[in-house]
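What follows is a short report on a single structure.
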Amino acid sequence: MVRRSLSFFVIVIMSGLMGGCVGCMVGRDPYWRRPAPAQSDPLPHHVSKYSDGLSLRFAMVHDMIHERFPKHGQAYYQERNRVVEKELASFGSMPPEDPQKQKRYFELQDDLGAGLERLGKHEEAVALMRRKLKEQQDLKITGKDLYGAYANLGTFLILWQLSEGFADKAKAKARLEEGLGYVQKSIEVNPEAHFGREIWQAVILEFLIAALDKPEVLLQFDMIGDRLDLYPAPSGHFGRGNWYVGWEVTQYLNGKPDENLKNRLRHRIMKVGAENGWTEAVKTSHQSPVPFDEPTLGIIGMWRLGSGANPYFALAFGEIMLRVGQRYIAWTAFERAAQMAGGIWPDAKIQEGILNHCRNRQRQIESQLVDDIPAMRARFEKELAFGQRYQREYQEYEAAQIAKGVSIDDPRFYDNFDFEARNKQSIATPPGEEEFTERRVYHLNSWSNAPAAVLLFAGIFAFVASALMLVSERYSKPPEPSYYSSKPNPFDEPDPG
Amino acid sequence: MRSLLVALLAVFCLALIVAPATACINDREVIQAEKEFKSRYIEQPASVPQYQPEQGTPSHLLVFGGAGSVLVLSALVLGFVWPKKA
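As you go down the protein sequences, you meet chains A and B in turn.
Going by the numbering used here, the first residue of the first sequence is number 1, and it counts up by one from there.
Going by the numbering used here, the first residue of the second sequence is number 1, and it counts up by one from there.
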């Protein structure tokens, strides 16, 4: 083993360290150069208000506006009433004692009541529901089990009063208030029912009752209290562009239920409704803005499973979608509302006001879009016609099946309805990218090359330094003696020999 | 006459008002319709490509790291074994 000076090893180590620094700079990929792949996260409205509840998709709103959903016809309800009456007759005049049979008995009453109502037989529907409610109360049934009776009785009373008119105003007001009372009771016992639409049914009734006294309120607010006189600036609060919220939504949806996280995420959803002046103008249960998915789902439920399209719903869709930045959907909602504006109120001034409002909103949206406006209108018409054709053929198919003797309870009743196959598209529009926010992922992989590069360059520098020093040592000349080392030293003592 | 007109107007108004109130008709259709509705939208999420980071260490990095380590050790060992000039 050769002894070498400490400086040799210090120089080798220092060279290695220098090489390591160079390797670090070479091996690390700066994040601004490395392409960062995108991760998509759902928007916060994917977090449903209720556990096991339905969460909103913008495609649902689009499909309601364009009637892209199935709807039963008169033939269907006539046949259903016939079948239900036959089965009810088998129970006799009193509810059975067996709990399972009792449950079936009350369900059949709901079916028959709904069928009678859809065929315009209001008085019979109301009488049936009053009987059902009394029978249930006599059996000491309480709470959620009374939901069906409350909701149906409230609705049937209101519809019945409409058909009879208001010659007797006191009686009319009493029946309307009774109806609204039952709707409110149904909300108390089952607030999560059916997308929460009972809440919004009560809100629209309160709005329209206020409009009876003050029709001008129809030109000030939509049915949930969005102001019509202000152009809203869409806020980023529904998560778009906020990558951390998106990440949390993904964690929530893929993880265990976490009530705190759910509430925190729902707090990030854009709130709509009950804007300035609403609570003064309308005596209402809807006192403050709410996450936009709540009234939207309520209106979807009412539109789809109730009486269908009306200008109040379309206008509310337009205002809500405008506030959350879904401008294309908002435009189509205003187009639909404009087409139905003649039915919003029997006052031409109100009708014209709503029509002008819808057209103004559309012009404001068009000024921000780069799309071809005539093409947008043509596309809207084409899609609405498609949805309406679907519903028409659906009802014709039902009538034909019933005429052939096919049971409406047969699970294969609709098997031969091939509208979607013939037209090569689903009637329900699939959700798309509008449901997601994008997040760039800068992974630690940008550092993963660095350790190897550090070692490699440290080794190269250290080895080269070592080799250079050894080579220079071998080929270097011995040092020449200095002038002073070759002359005798006068101060040295003489050699005694 | 006036009260008749007012009554007729009120009838017409409420005929429009109440249309939305048929929303809360509850029957056998509702639950099945909601399930079907949910299946049309919620259970068919939009396909959005998700980033999958690379797994494991690439082989070339192992080679570079190994070579560098060998060179460092060689540089140090040479200092001990390379003969000095006499």
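Virtual Cβ for every residue (Gly too), placed ideally from N, Cα, C.
Remember, predicted model here, so these are calculated numbers, not experimental data.
Buried versus exposed, by CB contacts within 10 Å (16 or more), residue i
{"i": "G405 (chain A)", "result": "exposed"}
{"i": "Q32 (chain B)", "result": "exposed"}
{"i": "I373 (chain A)", "result": "exposed"}
{"i": "R363 (chain A)", "result": "exposed"}
{"i": "A174 (chain A)", "result": "exposed"}
{"i": "N26 (chain B)", "result": "buried"}
{"i": "E79 (chain A)", "result": "buried"}
{"i": "Q21 (chain A)", "result": "Note on identity: in this sequence residue 21 (chain A) is Cys, with Gln being the wrong assignment. The residue is exposed, with fewer than 16 neighbouring Cβ atoms inside 10 Å."}
{"i": "D226 (chain A)", "result": "buried"}
{"i": "H66 (chain A)", "result": "buried"}
{"i": "R240 (chain A)", "result": "Because the pLDDT at R240 (chain A) is just 47, under 50, the model does not fix this residue reliably, and the value given afterwards should be weighed accordingly. The residue in question, R240 (chain A), is buried, as its Cβ has 16 or more Cβ neighbours within 10 Å."}
{"i": "H60 (chain B)", "result": "exposed"}
{"i": "N445 (chain A)", "result": "Note that N445 (chain A) scores a pLDDT of 48, beneath 50, so its modelled location is shaky and nothing firm can be said."}
{"i": "P411 (chain A)", "result": "exposed"}
{"i": "Y390 (chain A)", "result": "buried"}
{"i": "D284 (chain A)", "result": "Reading the sequence as shown, one finds Thr at residue 284 (chain A) and not Asp. T284 (chain A) should be labelled buried."}
{"i": "K171 (chain A)", "result": "exposed"}
Where residue i meets chain A, residues with beta-carbon distance less than 8 Å
{"i": "K38 (chain B)", "result": "L54"}
Chain A contact residues for residue i, given Cβ-Cβ distances below 7 Å
{"i": "S74 (chain B)", "result": "F463"}
{"i": "S69 (chain B)", "result": "L455 and G459"}
Close beta carbons around residue i, own chain, < 7 Å, minus the five adjacent residues each side
{"i": "V48 (chain B)", "result": "Caution applies to V48 (chain B), whose pLDDT of 49 falls short of 50 and renders its modelled position unreliable; the value that the coordinates give is listed next. None."}
{"i": "E438 (chain A)", "result": "A38 and S40"}
{"i": "Y147 (chain A)", "result": "S186, V189, N190 and A193"}
{"i": "R327 (chain A)", "result": "I365, Q368 and L369"}
{"i": "S502 (chain A)", "result": "Any answer about residue 502 (chain A) is impossible in this case: the structure gives chain A only from 1 up to 497."}
{"i": "E124 (chain A)", "result": "L116"}
{"i": "G353 (chain A)", "result": "L219"}
{"i": "F9 (chain A)", "result": "none"}
{"i": "P232 (chain A)", "result": "L322 and R323"}
Close Cβ partners of residue i (< 6 Å) along its chain, the five nearest in sequence each way excluded
{"i": "Q127 (chain A)", "result": "Reading off the sequence, residue 127 (chain A) comes out as Ala, not Gln. Once the five neighbours on either side are set aside, A127 (chain A) has no close Cβ partner at all."}
{"i": "I269 (chain A)", "result": "P44, H45, F238 and P291"}
{"i": "Y475 (chain A)", "result": "none"}
{"i": "A46 (chain B)", "result": "Confidence in A46 (chain B) is poor, its pLDDT being 46 and thus under 50, which makes the residue's placement unreliable; the coordinate value appears in the next sentence. Counting only Cβ-Cβ distances below 6 Å, and skipping sequence neighbours, we find nothing."}
{"i": "R197 (chain A)", "result": "G298, G301 and M302"}
{"i": "W200 (chain A)", "result": "P295 and G298"}
Which of helix, strand or coil DSSP assigns to residue i
{"i": "D222 (chain A)", "result": "coil"}
{"i": "V272 (chain A)", "result": "strand"}
{"i": "V567 (chain A)", "result": "Outside the shown range of chain A, which is 1 to 497, sits residue 567 (chain A), and nothing can be said about it."}
{"i": "Q509 (chain A)", "result": "Limits of chain A in this structure are 1 at one end and 497 at the other, which puts residue 509 (chain A) out of reach."}
{"i": "Q251 (chain A)", "result": "helix"}
{"i": "V498 (chain A)", "result": "It is not possible to answer for residue 498 (chain A), since the shown part of chain A is limited to 1 through 497."}
{"i": "R264 (chain A)", "result": "helix"}
{"i": "E67 (chain A)", "result": "coil"}
{"i": "D41 (chain A)", "result": "strand"}
{"i": "E507 (chain A)", "result": "Beyond the ends of chain A as shown, which are 1 and 497, falls residue 507 (chain A); an answer cannot be given."}
{"i": "R227 (chain A)", "result": "strand"}
{"i": "F37 (chain B)", "result": "helix"}
{"i": "R439 (chain A)", "result": "strand"}
{"i": "G459 (chain A)", "result": "helix"}
{"i": "M340 (chain A)", "result": "coil"}
{"i": "D415 (chain A)", "result": "coil"}
{"i": "M302 (chain A)", "result": "helix"}
{"i": "D145 (chain A)", "result": "helix"}
Cross-chain neighbours of residue i in chain B, by beta carbon under 9 Å
{"i": "V12 (chain A)", "result": "V72, A75, L76, L78 and G79"}
{"i": "M321 (chain A)", "result": "Neighbours of M321 (chain A) on chain B: none; closest Cβ ~16 Å, over 9 Å."}
{"i": "N416 (chain A)", "result": "Within chain B, no residue comes near N416 (chain A); the closest Cβ sits about 18 Å away, beyond 9 Å."}
{"i": "E107 (chain A)", "result": "D27 and R28"}
Same chain, Cβ closer than 8 Å to residue i, five either side skipped, listed in chain order
{"i": "D409 (chain A)", "result": "V83"}
{"i": "L119 (chain A)", "result": "Q74, Y77, Q78 and N81"}
{"i": "Q220 (chain A)", "result": "R227, L228, D229, G277 and A281"}
{"i": "Y105 (chain A)", "result": "L88, F91, P95 and P96"}
{"i": "Y252 (chain A)", "result": "V47, D258, L261, K262 and L265"}
{"i": "C358 (chain A)", "result": "L315, G318, F334, E335, A337, A338 and A341"}
Closer than 7 Å: residue i CB and nearest the ligand HEM heavy atom
{"i": "Q287 (chain A)", "result": "What this structure holds is no ligand at all, so the ligand HEM is not there to describe."}
Closer than 7 Å at the beta carbon, the chain B residues around residue i
{"i": "G255 (chain A)", "result": "In chain order: nothing, as chain B lies at least about 17 Å away."}
{"i": "P451 (chain A)", "result": "G65"}
{"i": "S466 (chain A)", "result": "A75, L78 and G79"}
{"i": "D111 (chain A)", "result": "D27 and R28"}
{"i": "R379 (chain A)", "result": "What R379 (chain A) touches in chain B: nothing, since even the nearest Cβ is about 21 Å away."}
Listed by chain order, chain B residues near residue i by CB distance under 8 Å
{"i": "A59 (chain A)", "result": "Y41"}
{"i": "F9 (chain A)", "result": "L76 and G79"}
{"i": "G148 (chain A)", "result": "N26"}
| message | Whether or not the segment 324-340 of chain A and the segment 202-220 of chain A are in contact is what I'm after, with contact meaning three or more pairs of Cβ atoms, one per stretch, closer than 8 Å; do they touch? | response | Three or more beta-carbon pairs separated by less than 8 Å are not found between the segment 202-220 of chain A and the segment 324-340 of chain A, which leaves the two stretches without contact.
| query | Given 8 Å as the limit, is there contact between the segment 344-354 of chain A and the segment 288-304 of chain A, that is, 3 or more CB pairs closer than that? | reply | no
| For the 8 Å Cβ check, are there 3 or more pairs between the segment 70-84 of chain B and the segment 459-467 of chain A? | yes
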